[in-house]
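Accompanying notes for the structure given below.
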Amino acid sequence: MDLKGKKVLVTGSEGFIGSHLTEKLVELGADVTALVQYNSFNNWGWIDTFDKNIINSIKVVTGDIREYDGMKRIIKGQEVVFHLAALIAIPYSYLSPMAYIRTNVEGTTNILEACREYDVQKVVHTSTSETYGTALYVPIDENHPMQGQSPYSASKIGADKIAESFYKSFNLPVATIRPFNTYGPRQSARAVIPTIISQILAGKTEIKLGSLTPTRDFNYVKDTAEAFIKVAESDRTIGKVINAGSNYEISIGDTVKKIIEIIGKDVKIICDDERIRPENSEVNRLWADNTKIKELTYWAPKYSLEDGLNETIEWIKRNMEYFKADIYNV
Numbered sequence: 001m002d003l004k005g006k007k008v009l010v011t012g013s014e015g016f017i018g019s020h021l022t023e024k025l026v027e028l029g030a031d032v033t034a035l036v037q038y039n040s041f042n043n044w045g046w047i048d049t050f051d052k053n054i055i056n057s058i059k060v061v062t063g064d065i066r067e068y069d070g071m072k073r074i075i076k077g078q079e080v081v082f083h084l085a086a087l088i089a090i091p092y093s094y095l096s097p098m099a100y101i102r103t104n105v106e107g108t109t110n111i112l113e114a115c116r117e118y119d120v121q122k123v124v125h126t127s128t129s130e131t132y133g134t135a136l137y138v139p140i141d142e143n144h145p146m147q148g149q150s151p152y153s154a155s156k157i158g159a160d161k162i163a164e165s166f167y168k169s170f171n172l173p174v175a176t177i178r179p180f181n182t183y184g185p186r187q188s189a190r191a192v193i194p195t196i197i198s199q200i201l202a203g204k205t206e207i208k209l210g211s212l213t214p215t216r217d218f219n220y221v222k223d224t225a226e227a228f229i230k231v232a233e234s235d236r237t238i239g240k241v242i243n244a245g246s247n248y249e250i251s252i253g254d255t256v257k258k259i260i261e262i263i264g265k266d267v268k269i270i271c272d273d274e275r276i277r278p279e280n281s282e283v284n285r286l287w288a289d290n291t292k293i294k295e296l297t298y299w300a301p302k303y304s305l306e307d308g309l310n311e312t313i314e315w316i317k318r319n320m321e322y323f324k325a326d327i328y329n330v
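Numbering (UniProt numbering), first residue to last: 1 to 330.
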């Protein structure tokens with residue numbers, strides 16, 4: 001499928017990955033509608049920071065994926081839907097698990113049902129590597145068991161299974177992309193890499209983190225956005241779950257060392273109990289097998305971790321006003 005000229009909707013377009021994907025779709029010549037969550041301030045999230053030429057090239061609509069009639073109205077006439085809107089903060093899911101069910105499971109059901117009603121040609125549903133839980137074997141392929149180790153991951157497992165059911169029950173042309181740990185410009189300071197960088201750039205000599213031993217498979221956001229595009233373009237991805245990861249494993253502790261080395265400041269790491277997950281909820285190891293996405297779409301990451309970190313650090317330097325280094329935001 002060639003996305004040029006296609007009527008494309010992006011839910012969660014104002015967010016971290018969604019904003020990068022929206023920009024990429026405009027570059028490809030898609031006719032983009034960007035759904036942002038309704039708010040009384042008329043705030044469009046990261047879309048507000050776009051170049052004016054890009055803003056003028058998209059149609060921004062407001063709504064809430066938890067509201068079915070609104071989603072029907074927005075999805076009518078769309079040919080491709082990228083569904084990224086979700087609650088994603090793991091710590092907050094411990095405080096308000098029902099909000100995650102309503103948004104991630106019920107909201108996803110609303111999107112899929114509207115796509116079915118209006119015969120959308122392709123739906124790309126967003127999963128997460130958190131659905132796997134701590135690796136039972138590595139690298140993690142798409143056949144790895146799913147483990148609900150947090151209310152967030154459980155809600156995303158539910159959403160993934162709803163997407164699977166719409167393909168199997170109604171033949172909805174849906175593909176599920178499962179990104180591993182995406183990082184880069186515009187990511188919330190709630191996430192580990194911008195937390196590290198923003199605290200150091202704020203002049204902290206001691207930075208607060210959670211556990212340093214878990215490993216992650218970090219993927220630069222521009223590579224992740226490209227993976228979404230490739231999954232949408234390929235007919236071979238319909239009905240499939242597809243990992244998007246770097247196939248490179250690194251511990252949080254070693255990631256901190258890399259960032260400290262790049263920035264060139266001497267800091268001390270403090271383990272903050274507030275940032276540590278409950279013992280049985282911590283995902284201790286993530287390492288993606290990306291064989292399937294390479295075979296189906298010919299996608300492969302272009303950015304090394306070092307290159308991605310350098311770009312991220314430079315972006316945060318220019319945008320420190322978005323970060324509150326003294327506050328831990330769940």
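In this text, a Cβ means the ideal position worked out from N, Cα and C, and glycines have one as well.
Beta bridge pairing from DSSP links GLY63 with GLN37. HIS20 is the residue among GLY77, GLY29 and HIS20 whose C-alpha sits nearest the C-alpha of THR49. Remark: C-beta atoms of ASN181 and PHE218 approach each other more closely than 7 Å. It is roughly 21 Å from the alpha-carbon of ALA189 to the alpha-carbon of GLY245. Taking the Cα positions, LYS317 is about 26 Å away from PRO91. Rounded to the nearest whole angstrom, the CA to CA distance from ILE58 to VAL267 is 43 Å. ASN247 sits in coil when the DSSP states are folded into three classes, being neither helix nor strand.
For SER169, the number of other beta carbons within 10 angstroms of its own is below 16, and it is reported as exposed.
For the set ARG116, LYS76, LYS161 and ILE140, the Cα lying nearest the Cα of VAL105 is the one of LYS161. In chain order, ILE200 place their CB closer than 6 Å to the CB of LYS265, counting only its own chain and leaving out the 5 sequence neighbours on each side. A direct Cα-to-Cα measurement between ARG236 and MET1 gives close to 10 Å. Burial state of GLY203 is exposed, judged by a 10 Å Cβ sphere holding fewer than 16 other Cβ atoms. LEU28 and THR195 have their C-alpha atoms some 32 Å from each other.
Contact between ILE88 and VAL81 does not hold, since their C-beta atoms are separated by about 19 Å, which reaches or exceeds 8 Å. Apart from the 5 residues on each side of it in sequence, TYR68 sits with its Cβ closer than 8 Å to the Cβ of ASN110, GLU113 and ALA114 in its chain, given in chain order. A straight-line Cα-Cα distance of about 7 Å links ILE197 and ILE313. Residue state for PRO179 is assigned as strand, using DSSP reduced to three classes. In this chain, the beta strand (DSSP E) harbouring TYR220 covers 218-220. Cα atoms of GLY18 and ILE101: separation of roughly 21 Å, rounded to the nearest angstrom. Here the alpha carbons of GLY308 and ALA99 stand approximately 33 Å from one another.
Inclusion of VAL192 and TRP287 in the CB contact set at 7 Å is not warranted, their separation being larger than that value. Between GLU306 and the set TRP299, TYR322, GLU261 and THR33, the nearest pair of CA atoms involves GLU261.
Of the candidates VAL8, GLU23 and VAL10, the residue whose Cα lies closest to the Cα of LYS222 is GLU23. In the assembly as shown, ARG73 is an exposed residue. Its beta-carbon has fewer than 16 other beta-carbons within 10 Å. In the same chain as GLY77, and ignoring 5 residues on each side of it, the C-beta atoms closer than 8 Å to its own belong to LYS7 and TYR118, in chain order. In the same chain as GLY12, and ignoring 5 residues on each side of it, the C-beta atoms closer than 6 Å to its own belong to GLY18, LEU84 and ALA85, in chain order. DSSP places PHE82 inside the beta strand (DSSP E), whose first and last residues are 80-83.
Across the structure, LEU212 and THR134 are spaced so that their CA atoms are roughly 15 Å apart. When secondary structure is reduced to three states using DSSP, ALA30 falls in the coil class, being assigned neither helix nor strand.
Of GLU14, LYS302 and ASP51, the smallest CA-CA separation from TYR220 is found for LYS302. Excluding five sequence positions before and after ASN56, none of the CB atoms of its chain fall closer than 6 Å to its own CB.
Residue environment for MET320: exposed (fewer than 16 other C-beta atoms within 10 angstroms of its C-beta). In the same chain as GLY239, and ignoring 5 residues on each side of it, the C-beta atoms closer than 6 Å to its own belong to TYR167, in chain order.
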